[in-house]
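Here the structure comes first, spelled out in structure tokens, and everything after it is commentary.
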Amino acid sequence: MEDPIYWPSFFFLLFSAIACAFAVAVVVTPNVVRMAFYLVLSLAATAGLFFLAGADFVGAMQIMIYVGGTLVLLIFGVMLTSQDRFISMKTSNFELGMATGVGVCLFILLAVAARSIPEWHGLTAQQVAEIPLEPTAAPLGMGLLGARVDSPDRSGYLLIFEIISVHLLVVLVGAAYLARARRSRSGFSLTSDG
Amino acid sequence: MPQVIEQIRSTATLIVPEIVLLAAVCALFLVGPFLVNEAGEAPAGLRKRWGFLSLFALVVALVAWCDGDHSLVQNGLFRIDGLVWYARGLSLIAGILLVLVLWNQIDDVHSAEAYACLLSIVMGTNLVAAANDLISLFLALELVSIPTYVLLYLGKRDRIGGEATLKYFLLSIFSSALVLYGMSWLYGVTGTTNFTMIRDALVNRAPHAGEGLLEISFALILAGLCFRLAAVPFHFYAPDVFQGTTASNAALLSLIPKVVGFVALIHLIPLSGATDGWERWMPDHESKLLLAALAVATMFLGNLMALRQSHIYRLMAYSSIAHAGYMLIGLVIGDTAPVGGREAILFYLATYGLMTIGVFALLSARAGDGQPLKTDADLRGLSRVQPMIAVLLAVCLFSLTGLPPTAGFLGKLNLFLTAWSDGTQLGHVLAILMALNAAIGAYYYLRLVALMFLEPSAAEPQPVRLAWAPWLAGTVCAVASIALFVAPQWLWDSIP
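Protein chains in written order, with this note's numbering: chain C, 23 to 216; chain H, 102 to 597.
Below you can see the structure in the form of structure tokens.
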């Protein structure tokens, strides 16, 4: 028999409501630690949306990298470094008004533009059920190793993968210098007076 | 699987100069730390050894570039054509000049990392030109910006330098996010990241389908790239960053992000006018108006603000904003006019690189005695203390003004002719406004020349030992500026 509730829509609405509500909360709250926590919830809900869309790999990465890695680091960073005067950030009413105005305008623009694509709405439950569910992790991994499963005549992303590794090398060197600055012998006046 | 390996091999042969640079970058990063001891001391003269290694890598890359095939080769991720060939030559030669300017601007301890960052920036610039995919384009753009943050920090580690680095870092990240967001909308409309396939998707779509999304994605990408060009209203960082950093970093920031930004826009602009713009390389009507507004605002703000500056680096920052405005005119016109806008931009980039690197090289050439030239007062009466530097600096400033007999004159003339020969009202207005701005610009460049030659010197003339590397770079730039005026055909012919 027909299920009275169409569950994909239910979960979509649930996850998107959580993501949007906590995204707004990030902007509204003046406390940095709470901001970071709300961001965790918002990003976790976004991961749920990725799972719903059938992008299991991206969803898992969203949880592992953003929720699990970056944000835990961010919360620790905020808790360890912030002094009282930085914990709470006050924005003036003018700034809040400006940001709201720009944000609302941009949102309306994007929403109207996205609605203008006919293929992006109007799928029935029947049509959705017919879309084959494909694994995403294995093709992605093969693609990064140089083989494209979907179109074998095109080369994969091995060189891209290598370029990213150069990025990480540069980032690590830069981070090491920035973190070492306090002990530097050559003197670093940004921290020497702090 | 053998087929896959063959594909990787064929892709790798397309980017041989970059692979040479990559090898040097790895060597510098990996060996560099072992030559600095626990206490943070390095053997004296280490920076010279790393400098020679970087020069060697760049020369090898140049040889690979000369030997390389410059016919059209296309692959999923990279596409080699005349534009890539030209941009590669430009960035490798600029890289050699920048290594020379960096010579005495970095201490021994940080030299390995600084040169490695410089080489990876050059590599990123080449890859931006070669990119044929949104993913490779974005990664190449980041390969330019991330090492720039490190280089800015390594160059000057005091309070002002730290502030300049942080300002650049935060705004640059913001601009990268804008570009990425714009790219994701473009992917959303077309369903692919490959430029060739994006073009096919846009040409074959239903009329006006996804028009709104395309416009949004174009606006976002343009906004993000305008940060690199330092175009108004994304110019705020430039004066503070230039003032707070060293001569070599300022020279780098005035040229390389512009090369990167314009080459990326040359790739992406045709996407804005997808159906009819692709063949003739021109933006569609709305993008034209947007670019024209950006160009006019950028020219005027850059030139008018430069009038008020007494710190030379700050003045050069506003001047670099103004020059971005001139070059944006070339984008507005596109390739419809008899003198193509794209050719005019590429020519101007080369001449602008010579002048701006030349100015910063000469300003820092005297830095050997710890007294870099930074303000108006330092330039006063320079012709009596350092006649050669004053003459060469004057040549570079004439070139920036756009006076004959320098290459800067030809660069401006090309852009002017491009705009005028377009035949539209917009083209005529832009050409007139550009001439007006060149006149405003002449005031503050020539004021510096007058300061050097007409004012009496504040200090007693005393012999100063010149640093040979920046001195060499400055001389090459000034001489090449004049040589290109005499024989511009050589450069013009190499433009695709």
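Quick reminder that beta carbons are idealized off the backbone N, C-alpha and C, glycines included.
Cutting at 6 Å between CB atoms, please list the residues of its own chain near valine 333 of chain H, excluding the five before and the five after it. Within the same chain, Ala398, Thr399, Leu402 come within 6 Å of valine 333 of chain H by CB-CB distance, once the 5 residues on both sides are set aside.
Contact set for valine 280 of chain H: own chain, Cβ-Cβ below 6 Å, skip 5 residues either direction: Ile322, Gly325
Three-state secondary structure (DSSP) at valine 440 of chain H? coil
Simplified DSSP state of valine 174 of chain H, which is helix, strand or coil: Looking at valine 174 of chain H - three-state DSSP - the assignment turns out to be strand.
Listing by chain order, which chain C residues have their CB less than 8 Å from the CB of glutamate 139 of chain H? None at all; the shortest Cβ gap to chain C is about 11 Å.
With 9 Å as the C-beta to C-beta threshold (strictly closer), list the residues of the segment 192–223 of chain H near chain C in chain order. Asp208, Val210, His211, Glu214, Ala217, Cys218, Ser221
Quick check for students: name the residue ranges of the beta strand (DSSP E) that lie wholly in the segment 176–220 of chain H, counting only runs of 3 or more. none
Proximity below 8 Å, CB of leucine 585 of chain H to CB of threonine 452 of chain H: yes
Where does the unbroken alpha helix (DSSP H) through glycine 528 of chain H begin, and where does it stop? Glycine 528 of chain H -> alpha helix (DSSP H) spans 526–555.
4 or more residues per run - each alpha helix (DSSP H) lying fully within the segment 456–518 of chain H: 477–480, 483–486, 488–502
Take threonine 113 of chain C and list the residues in its own chain whose beta-carbon comes closer than 7 Å to its own, dropping the five residues that flank it on each side. none
Name, please, each residue of chain H whose Cβ falls closer than 8 Å to the Cβ of alanine 189 of chain C. Before going on, a small fix: residue 189 of chain C reads as histidine here, not alanine. Within chain H, the residues near histidine 189 of chain C are Leu240, Glu243, Leu244, Ile247.
Which value, in whole angstroms, describes the spacing of the CA atoms of isoleucine 422 of chain H and alanine 67 of chain C? 43 Å
Starting from glycine 96 of chain C, find everything on chain H with Cβ-Cβ shorter than 9 Å and list it in chain order. Correcting the residue identity first, residue 96 of chain C is leucine in this sequence and not glycine. Those do not exist, as leucine 96 of chain C stays about 15 Å from chain H at its closest Cβ, beyond 9 Å.
Coil, strand or helix - asparagine 53 of chain C by DSSP: strand
Check each candidate in H/Ala125, H/Val126, H/Leu193, H/Gly177 and name the one with the smallest Cα separation from leucine 455 of chain H. Ranking H/Ala125, H/Val126, H/Leu193, H/Gly177 by Cα distance to leucine 455 of chain H puts H/Leu193 first.
If contact means a Cβ-Cβ distance below 8 Å, which residues of the segment 249–263 of chain H contact chain C? Tyr250, Val251, Tyr254, Leu255, Arg258, Asp259, Arg260, Gly263
Would you mind giving the Cβ-Cβ distance between glycine 152 of chain H and tyrosine 254 of chain H, rounded to the nearest angstrom? I have them listed as a contact below 8 Å. Between tyrosine 254 of chain H and glycine 152 of chain H the Cβ distance is about 19 Å, and since that is not below 8 Å, they are no contact.
Provide the residue(s) that pair with isoleucine 412 of chain H in DSSP beta bridges, ordered along the chain. Sequence check: residue 412 of chain H is histidine here, not isoleucine. Answer is H/Thr476, bridged to histidine 412 of chain H.
Please identify the residue among H/Ala445, H/His529, H/Thr347 whose C-alpha is closest to the C-alpha of alanine 91 of chain H. This structure cannot speak to residue 91 of chain H, because chain H is shown only from 102 to 597.
Chain-ordered neighbours of threonine 114 of chain H on chain C, where CB pairs are closer than 8 Å: For threonine 114 of chain H, there are no C-beta contacts with chain C under 8 Å, since the nearest C-beta of that chain is about 11 Å from it.
Contacts of alanine 69 of chain C in chain H (Cβ-Cβ under 9 Å): By Cβ distance, chain H contributes nothing, its closest Cβ being about 17 Å from alanine 69 of chain C, past 9 Å.
How should serine 273 of chain H be labelled, buried or exposed, when 16 other C-beta atoms within 10 angstroms of its C-beta is the threshold for buried? buried
How would you list, in chain order, the residues of chain H whose beta-carbon sits under 8 Å from the beta-carbon of isoleucine 185 of chain C? Leu228, Ser237, Leu240, Ala241, Leu244
List, in order along the chain, the chain H residues whose C-beta lies closer than 8 Å to that of serine 138 of chain C? Gly311, Glu312, Gly313, Leu314
Do the segment 582–597 of chain H and the segment 473–487 of chain H make contact, defined as three or more Cβ pairs closer than 8 Å? no
Which residue marks the beginning of the alpha helix (DSSP H) containing alanine 270 of chain H, and which one marks its end? In the sequence as presented, alanine is not what sits at residue 270 of chain H; that position holds phenylalanine. Unbroken alpha helix (DSSP H) run through phenylalanine 270 of chain H: 260–291.
Compare the beta carbon distance of valine 550 of chain H and alanine 495 of chain H with 8 Å and say whether it is the shorter of the two. In contact: valine 550 of chain H and alanine 495 of chain H (Cβ atoms closer than 8 Å).
Does the beta carbon of isoleucine 541 of chain H sit closer than 8 Å to a beta carbon anywhere in chain C? For isoleucine 541 of chain H, the answer is no, since every Cβ of chain C falls outside 8 Å of its Cβ.
Does histidine 386 of chain H pass the burial test, meaning 16 or more other C-beta atoms within 10 Å, or should it be called exposed? exposed
Enumerated in chain order, which unbroken segments of the alpha helix (DSSP H) with a length of 4 residues or greater are wholly contained in the segment 105–176 of chain C? 106–109, 115–137, 147–152, 159–166
For leucine 131 of chain C, which residues in chain H fall below 9 Å Cβ to Cβ? Gly313, Ile317, listed in chain order.
Between leucine 65 of chain C and valine 89 of chain C, which are expected to be in contact by the criterion C-beta below 8 Å, what is the C-beta distance as a whole number of angstroms? Contact holds; Cβ gap of about 5 Å.
How about alanine 241 of chain H and leucine 115 of chain H: are their beta carbons less than 8 Å apart? no
Does any CB atom of chain C fall closer than 8 Å to the CB of isoleucine 357 of chain H? no
Does any C-beta atom of chain C lie closer than 8 Å to the C-beta of valine 361 of chain H? no
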